[in-house]
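Enquirer: Quick one: the structure is below, questions incoming.
Residue numbers (our numbering), protein chains in the order written: chain A, 1 to 378; chain B, 379 to 758.
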């Protein structure tokens with residue numbers, strides 16, 4: 001058993017931390033957060049330096065590294081800033097479905113641009129609720145080709161993405177009979193409506209996507225027809241690990257800020273870090289953070305070893321987001337009144353942590369899935 | 379048995395107030411959340427309708443009501459789903475300083491305006507480097523004949539932009555004992571040297587004008603001092619009991635409102651083919667929150683009754699402030715989870731509640747300070 005990162009992983013981690021420290025300007029962050037703007041120029045910079053899609057094969061713009069390497073980068077980004085980090089991290093949302101079963105020409109059309117930070121990919125999964133089988137968005141045969149109708153909710157990037165993956169119900173008999181399609185944003189019949197002002201992760205545009213009589217052919221399908229539910233499941237597992245890593249980063253960032261502030265801030269004639277009440281909070285944050293980090297790293301490592309530990313994967317988003325939420329909440333309390341103010345920075349970490357915990361699926365869903373995994377479905 | 383005895387007058391007052399808020403406040407809340415301030419005209423309307431400073435005696439223009447009227451105003455305001463029109467801060471936290479410690483002249487001069495809404499008040503204690511440790515404040519009031527000259531900076535002041543009259547805590551640098559050096563002065567907004575410098579952007583309370591206030595050689599008549607010289611710290615300590623109780627009233631009312639909204643949502647919204655309220659996991663979560671809310675309500679009403687009887691409830695009010703405000707945050711969190719991804723969209727009012735309630739664990743003395751007070755009184 002070896003808990004150490006490899007030298008290469010430590011180098012990647014360090015490079016990502018240095019990049020984020022050097023480039024993530026705090027005034028720019030407040031501005032982007034306030035205006036709900038996507039950090040386009042930062043995406044390009046991160047892409048140029050090779051921080052995006054490191055787990056893609058080299059032939060498709062990646063570095064042939066693992067899920068853990070990608071997780072380390074996301075953690076480092078979110079540690080420096082929760083909002084900017086998560087926006088960069090999710091800019092290739094859905095790419096693992098392509099990596100899993102996409103054809104070479106599909107990968108080639110999408111992934112290199114995404115890895116360079118020039119394009120954004122998204123996947124439309126959720127509908128009105130969290131049920132993913134059966135889906136209400138349906139694909140049916142239509143003459144020579146196929147037709148998609150339905151409504152997808154809370155799609156990240158929406159209008160901003162060049163390509164969008166849509167998972168559809170393809171048969172009535174079995175709720176798991178689904179087909180996934182890779183579409184261009186401009187496809188006729190795809191109508192994108194932004195959801196409006198958001199609580200957290202505001203740099204990521206969020207939209208509802210209406211699909212009306214969208215004509216597709218099997219050329220657009222990712223992997224075999226009717227078999228996409230496994231693809232979706234596999235992707236969600238990767239997304240849980242990545243989201244867990246973001247949570248770990250946010251928690252670490254909150255702890256960094258809280259430690260700095262409590263050393264500087266004096267009340268009653270001494271730095272508040274000398275009070276037990278503050279020290280206990282810092283220690284609790286550290287406990288949650290370290291547990292989450294171990295879990296997320298183990299989940300990522302298990303995937304990279306080719307033996308995915310599904311329980312660990314299902315727990316990773318829950319523990320990462322939960323560590324982020326308690327750490328940002330405690331950090332905000334340590335900051336006091338300043339913590340509640342926008343300029344204190346920590347308030348957006350707090351909002352982003354909450355948004356992360358609700359992104360994709362709430363904690364309850366992960367617990368339900370974990371219980372299914374442990375004792376079987378009932 | 380009901381702990382608090384609401385008379386017919388109280389019930390009628392609540393109905394009148396609810397109708398007033400539905401007409402004059404609720405329709406405009408979204409706009410105020412964007413502009414960051416509630417127009418002063420609304421304060422005036424509220425005053426004219428008799429909903430401000432209900433406890434002020436009739437001789438100063440008030441209705442001389444008991445504390446239950448204040449409770450009712452605080453509770454009903456929660457239903458407007460915004461915090462900008464902070465009548466409880468004005469009526470039950472700031473104005474009581476004037477009513478309790480002001481000279482007859484000050485009371486005659488200012489109280490009628492406070493009741494009518496002509497005068498909006500604020501209180502300034504916190505400074506950029508002074509929060510919990512009030513005694514170490516650095517804003518000074520230097521003796522100069524009939525006046526004091528004030529210099530310093532206050533921050534996170536609610537009603538900071540709207541205020542016409544400020545209760546300002548400042549220190550006499552010639553007095554060594556920090557607890558005897560603090561005085562409270564009434565400072566009119568138009569006074570030279572008093573500048574409302576910056577409206578602050580924050581996590582929640584978007585419709586509430588929180589501001590930084592600057593004082594530069596600001597001359598205030600000594601006659602505007604509240605109470606005896608050197609009595610500021612004790613006055614603050616005395617009145618903070620009610621301030622903390624107000625926080626607990628706000629917290630419990632907000633938790634009740636959030637839970638109501640969420641229960642309604644869970645009954646309507648289906649997932650996996652059933653209403654969310656039919657899942658045992660969700661049911662138990664809701665039941666646990668409802669239990670906490672009821673515990674909070676029961677404790678709170680006992681304290682309100684004690685407070686109305688004039689009992690000293692410093693310890694219990696501190697406990698209630700920290701417990702109920704943290705409970706409200708827990709409920710907000712749980713409700714957000716039940717709403718799921720939707721709760722992250724501001725269109726759903728639960729999002730605003732979640733952002734708004736978080737400050738309650740910080741203002742009016744952080745919950746750490748509350749625990750410190752209780753520990754001290756317990757002889758620990």
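Beta carbons are placed, not taken as given, at the ideal position from N, Cα and C, and that holds for glycine.
(1) Measure the C-alpha to C-alpha separation of residue 704 (chain B) and residue 281 (chain A) and round it to an integer number of angstroms.
(2) What do you reckon, are the CB atoms on residue 702 (chain B) and residue 589 (chain B) nearer than 8 Å?
(3) Return no unless some Cβ of chain B is closer than 8 Å to the Cβ of residue 340 (chain A).
(4) Tell me the DSSP secondary structure of residue 403 (chain B) in three-state form.
(5) Restricting to Cα atoms, I'd like to know which of A:3, A:161 and A:98 is closest to residue 221 (chain A).
(6) In chain B, what lies closer than 9 Å to residue 307 (chain A) by C-beta?
(7) The region 712-731 of chain B: which residues have C-beta closer than 7 Å to a C-beta of chain A, in chain order?
(8) What are the residues that DSSP puts in a beta bridge with residue 191 (chain A)?
(9) Is the region 291-303 of chain A close to the region 236-248 of chain A, with three or more CB pairs under 8 Å?
(10) Less than 8 Å between CB atoms is the rule here; does residue 131 (chain A) satisfy it with respect to chain B?
(11) Residue 123 (chain A) and residue 93 (chain A) - do their beta-carbons sit closer together than 8 Å?
(12) Please report how far the alpha carbon of residue 367 (chain A) lies from the alpha carbon of residue 386 (chain B), in whole angstroms.
(13) Tell me, which residues are paired with residue 164 (chain A) by DSSP?
(14) For a quick check, are the C-beta atoms of residue 499 (chain B) and residue 468 (chain B) less than 8 Å apart?
(15) With 8 Å set as the bound, which would you pick, yes or no: does the beta-carbon of residue 347 (chain A) sit closer than that to a beta-carbon of chain B?
(16) Which of helix, strand or coil does DSSP assign to residue 722 (chain B)?
(17) Within 8 Å of any Cβ in chain A, is that where the Cβ of residue 414 (chain B) sits?
(18) Spatial neighbours of residue 401 (chain A) within its chain, please: C-beta separation below 8 Å, excluding the five flanking residues on both sides.
(19) If we call anything under 8 Å between Cβ atoms a contact, is residue 518 (chain B) one with residue 547 (chain B)?
(20) Would you mind stating whether residue 137 (chain A) and residue 88 (chain A) have Cβ atoms separated by less than 8 Å?
(21) Taking Cβ positions only, does residue 264 (chain A) come closer than 8 Å to chain C?
(22) So, residue 207 (chain A) versus residue 269 (chain A), is the Cβ gap smaller than 8 Å?
(23) Using 8 Å as the limit for Cβ to Cβ distance, is residue 363 (chain A) near chain B?
(24) DSSP three-state call for residue 473 (chain B): helix, strand or coil?
(25) Run through chain B and tell me which residues come within less than 8 Å of residue 235 (chain A), C-beta to C-beta.
(26) Between which residues of its own chain and residue 332 (chain A) is the CB-CB distance below 6 Å, once the five residues before and five after are set aside?
(27) Measure the C-alpha to C-alpha separation of residue 751 (chain B) and residue 573 (chain B) and round it to an integer number of angstroms.
(28) Helix, strand or coil: how does DSSP classify residue 481 (chain B) here?
(29) Are the CB atoms of residue 460 (chain B) and residue 399 (chain B) nearer to each other than 8 Å?
(30) Name, going along the chain, the residues of the region 166-196 of chain A whose beta-carbon falls closer than 8 Å to a beta-carbon of chain B.
(31) How long is the line joining the alpha carbons of residue 174 (chain A) and residue 134 (chain A), rounded to whole angstroms?
(32) If we ignore side chains and look at the alpha-carbon of each, how far apart do residue 74 (chain A) and residue 242 (chain A) end up?
(33) Using a Cβ-Cβ distance cut-off of 8 Å, determine whether residue 479 (chain B) contacts chain A.
(34) Taking only beta-carbon atoms, is residue 37 (chain A) less than 8 Å away from chain B?
(35) Does any CB atom of chain B fall closer than 8 Å to the CB of residue 63 (chain A)?
(36) Could you work out which residue in B:533, B:612, B:550 and B:552 is closest to residue 580 (chain B) when comparing CA atoms only?
Expert: Reading from the atomic positions:
(1) Position 326 of the second chain, counted from the first residue, corresponds to residue 704 (chain B). Position 281 of the first chain, counted from the first residue, corresponds to residue 281 (chain A). For residue 704 (chain B) and residue 281 (chain A), the gap between their C-alpha atoms comes out near 15 Å.
(2) One-based indexing of the second chain puts residue 702 (chain B) at position 324. One-based indexing of the second chain puts residue 589 (chain B) at position 211. No, Cβ-Cβ distance for residue 702 (chain B) and residue 589 (chain B) is not below 8 Å.
(3) The residue you call residue 340 (chain A) lines up with position 340 of the first chain. Closer than 8 Å to some Cβ of chain B, the Cβ of residue 340 (chain A) qualifies, so yes.
(4) Reading the second chain from its first residue, position 25 is the one you call residue 403 (chain B). It is coil, neither helix nor strand.
(5) Here the question's residue 221 (chain A) lines up with position 221 in the first chain. Among A:3, A:161 and A:98, the Cα nearest to that of residue 221 (chain A) is on A:98.
(6) By 1-based counting over the first chain, the position of residue 307 (chain A) is 307. By Cβ distance, chain B contributes nothing, its closest Cβ being about 30 Å from residue 307 (chain A), past 9 Å.
(7) 714, 715, 718, 719, 721, 722, 723, 724, 725 and 729
(8) To locate residue 191 (chain A), count along the first chain from 1; it is residue 191. BP columns for residue 191 (chain A) point to A:210.
(9) yes
(10) Here the question's residue 131 (chain A) lines up with position 131 in the first chain. For residue 131 (chain A), the answer is yes, since a Cβ of chain B falls inside 8 Å of its Cβ.
(11) Residue 93 (chain A) sits at position 93 when you count from the first residue of the first chain. Residue 123 (chain A) sits at position 123 when you count from the first residue of the first chain. Going by C-beta atoms, residue 93 (chain A) is nearer than 8 Å to residue 123 (chain A).
(12) Stepping through the first chain from its first residue, residue 367 (chain A) is reached at position 367. Stepping through the second chain from its first residue, residue 386 (chain B) is reached at position 8. Going by the C-alpha atoms only, they are around 50 Å apart.
(13) To locate residue 164 (chain A), count along the first chain from 1; it is residue 164. Residue 164 (chain A) is bridged to A:122 and A:183.
(14) As a first step, residue 499 (chain B) is located in the second chain; it is residue number 121 there, counting from the start. As a first step, residue 468 (chain B) is located in the second chain; it is residue number 90 there, counting from the start. In this structure, residue 468 (chain B) lies closer than 8 Å to residue 499 (chain B) by Cβ.
(15) Here the question's residue 347 (chain A) lines up with position 347 in the first chain. Contacts with chain B at 8 Å (Cβ-Cβ) include residue 347 (chain A).
(16) As a working note, residue 722 (chain B) is residue 344 in the second chain. Under the three-state reduction of DSSP, residue 722 (chain B) is assigned to helix.
(17) Within the second chain, residue 414 (chain B) is the residue found at index 36, counting from 1. No, no contact with chain A.
(18) There is no way to answer for residue 401 (chain A), as the model of chain A reaches only from 1 to 378.
(19) Along the second chain, one-based indexing puts residue 518 (chain B) at 140. Along the second chain, one-based indexing puts residue 547 (chain B) at 169. No, the pair does not count as a contact, with Cβ atoms beyond the cut-off.
(20) Locating residue 137 (chain A) in the first chain gives position 137, counting from the first residue. Locating residue 88 (chain A) in the first chain gives position 88, counting from the first residue. Not closer than 8 Å, so no.
(21) Checking the listed chains, one finds no chain C in this structure; the protein chains it contains are A and B.
(22) Taking the first residue of the first chain as position 1, residue 207 (chain A) is located at position 207. Taking the first residue of the first chain as position 1, residue 269 (chain A) is located at position 269. No, the pair does not count as a contact, with Cβ atoms beyond the cut-off.
(23) As a position in the first chain, residue 363 (chain A) is number 363, starting the count at 1. Taking Cβ atoms only, chain B reaches closer than 8 Å to residue 363 (chain A), which makes this a yes.
(24) The residue you call residue 473 (chain B) lines up with position 95 of the second chain. Residue 473 (chain B): helix per DSSP, three-state reduction.
(25) By one-based count along the first chain, residue 235 (chain A) stands at place 235. What residue 235 (chain A) touches in chain B: nothing, since even the nearest Cβ is about 17 Å away.
(26) Reading the first chain from its first residue, position 332 is the one you call residue 332 (chain A). These residues qualify, in order along the chain: 339, 346 and 350.
(27) On the second chain, position 373 is the one that residue 751 (chain B) refers to. On the second chain, position 195 is the one that residue 573 (chain B) refers to. Computed Cα separation, rounded: 34 Å.
(28) In the second chain, counting from the first residue as 1, residue 481 (chain B) sits at position 103. Coil at residue 481 (chain B), not helix or strand.
(29) Along the second chain, read from residue 1 onward, the residue named residue 460 (chain B) stands at position 82. Along the second chain, read from residue 1 onward, the residue named residue 399 (chain B) stands at position 21. It is not a contact, given that the beta carbons lie outside the stated cut-off.
(30) So the list reads 195 and 196, given in the order they occur along the chain.
(31) The residue given as residue 174 (chain A) occupies position 174 in the first chain. The residue given as residue 134 (chain A) occupies position 134 in the first chain. Cα to Cα, the separation comes out at about 8 Å.
(32) Walking along the first chain from the start, residue 74 (chain A) turns up at place 74. Walking along the first chain from the start, residue 242 (chain A) turns up at place 242. Taking the straight line from one Cα to the other gives about 7 Å.
(33) Locating residue 479 (chain B) in the second chain gives position 101, where the first residue counts as 1. It does not: the Cβ of residue 479 (chain B) has no partner Cβ on chain A nearer than 8 Å.
(34) For this step, residue 37 (chain A) is matched to residue 37 along the first chain. No, residue 37 (chain A) lies away from the interface with chain B (no Cβ there is under 8 Å from its Cβ).
(35) As a first step, residue 63 (chain A) must be located in the first chain, where it is residue number 63. With 8 Å as the cut-off, residue 63 (chain A) does not count as an interface residue toward chain B.
(36) Against the second chain, residue 580 (chain B) aligns to sequence position 202. Residue B:533 is the option with its Cα nearest to residue 580 (chain B).
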